[in-house]
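If you count by mature numbering (1 follows the signal peptide of the UniProt record, and there is no 0), then the sequence shown holds residues -26 to -1, 1 to 196, one letter each, in order.
Remarks on the structure that follows.
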Amino acid sequence: MLSLRRLMRRGLLLLGAVLLPAAAQAHPHGWIDLSVRVILDDQGRVEALHQRWRMDPFYSLVLLEELGRAEGDESMEARLDQLGLEIRDTLAPQGYFTELSLDGEALALGEVSEYTVMERGGRVEFIFLLPLDEPRPLGEATLRYRVYDPTYYIEVVHEADERAPREQALVVSGDHDCETRVLAADPDPAQVAEAARLDTDDQAPEGLGRYFAETGEVQCRI
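Now the structure itself:
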């Protein structure tokens, strides 16, 4: 199996054969459509973030073709299961690309044990439950998260219609009285210029992706 970024790079080589050369010269080189459900328990404590990542159509096509050509007699379902394990293991040392805080205090994350990979509508989806290290009371504090590739090779954006995040892109479980919103990224011009200078094979500075990440916010009256 191949990692996310290696598969993305392979897909980019194919993409360059059909698009103008300039189209492949600036980060990011692919994207993920994100949906998040904040899981609260009966006491109003934050337990986990349930995330769905939908890989972009071209990357999904390359990935499915790659899996279909792999040696062995495994079914596509089994190969997708194996891919899910690899994605989980690759993301674990990087905090699953997720940064979470409560009123500015960083929250420790646990380990992902519930996850799946599937193909739906021609898109590959990675769905997983990211628990907190321990549940935290939410009260009226503001919960914020960012999900991003630190190198900004892959852009992560909330599911959207006509450039506005969908209502279902960020929801809270249960019947709690909560408000949600997704804030657009606001990188300064120097960071935009730095990302634009990166070529296909360049290694971006670690952490660059944070400046281009959307911020999900949740406020509840509990």
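Backbone N, C-alpha and C fix where the C-beta goes; we use that ideal spot for every residue, glycine too.
_Beta-carbon separation (whole angstroms), Arg171 vs Leu112, contact threshold 8 Å_ = Between Arg171 and Leu112, the beta carbon gap of about 41 Å keeps them out of contact (Cβ cut-off 8 Å).
*Should Glu39 be labelled buried (16 or more other beta-carbon atoms within 10 Å of its own) or exposed?*
Glu39 counts as exposed, since fewer than 16 other beta carbons sit within 10 angstroms of its beta carbon.
*With C-beta atoms as the reference, is Tyr122 less than 8 Å away from Ala169?*
A distance of 8 Å or more separates the beta carbons of Tyr122 and Ala169.
*Under a three-way DSSP split, which group does Thr72 fall into?*
Note: Thr72 maps to strand in three-state DSSP.
*Whole beta strand (DSSP E) runs in the segment 100 to 153 with 3 or more residues, listed along the chain?*
Segments of the beta strand (DSSP E) lying fully in the segment 100 to 153: 116 to 121, 128 to 132 and 144 to 146.
*Which two residues bound the contiguous alpha helix (DSSP H) that contains Tyr89?*
Element bounds for Tyr89: not the alpha helix (DSSP H) but the beta strand (DSSP E), Glu88 to Arg94.
*Below 8 Å CB to CB, which residues in the same chain sit around Glu93 once its five sequence neighbours on both sides are set aside?*
Contacts found: Ser34, Leu38, Met50, Leu54 and Glu99.
*Proximity winner among Asp7, Leu41 and Trp27, relative to Arg137 (alpha-carbon distances)*: The shortest C-alpha separation from Arg137 is found at Asp7.
*Residue from Met29, Arg184 and Ala22 with nearest C-alpha to Val166*: Looking at the Cα atoms, Arg184 is the closest of the given residues.
*Just checking, does the segment 102 to 110 make contact with the segment 68 to 86 on the three C-beta pairs under 8 Å criterion?*
Output reads yes: the segment 68 to 86 touches the segment 102 to 110.
*Please state whether DSSP places Gln165 in a helix, a strand or coil.*
Shown here, Gln165 sits in a helix according to DSSP, grouped into three states.
*In three-state DSSP terms, what is Ile13?*
The answer is strand: DSSP assigns Ile13 an E or B state.
*Helix, strand or coil for Asp47, going by three-state DSSP, please let me know.*
Three-state result, Asp47: coil.
*Mind checking which residues open and close the beta strand (DSSP E) that includes Leu23?*
Unbroken beta strand (DSSP E) run through Leu23: Arg19 to Met29.
_Residues bridged to Asp7 [DSSP beta-bridge criterion]_ = Bridge partners of Asp7 according to DSSP: Arg28 and Val131.
*Cα-Cα separation, Glu79 to Leu41*: Rounded to the nearest angstrom, the two C-alpha atoms are 41 Å apart.
*By Cβ distance, which residues of its chain are closer than 6 Å to Glu133, with the 5 residues on each side in sequence left out?*
Once the five neighbours on either side are set aside, the close Cβ partners of Glu133 are Asp7, Ser9, Arg140 and Ala143.
*In whole angstroms, what separates the C-alpha of residue 217 from that of Arg118?*
No information on residue 217 is available, as it lies outside the stretch -26 to 196 that the chain covers here.
*Limits of the unbroken beta strand (DSSP E) element including Gly190*: DSSP places Gly190 inside the beta strand (DSSP E), whose first and last residues are Thr189 to Cys194.
_CB of Phe102 within 8 Å of CB of Glu114, strictly_ = Cβ distance not < 8 Å, so Phe102 and Glu114 don't count as in contact.
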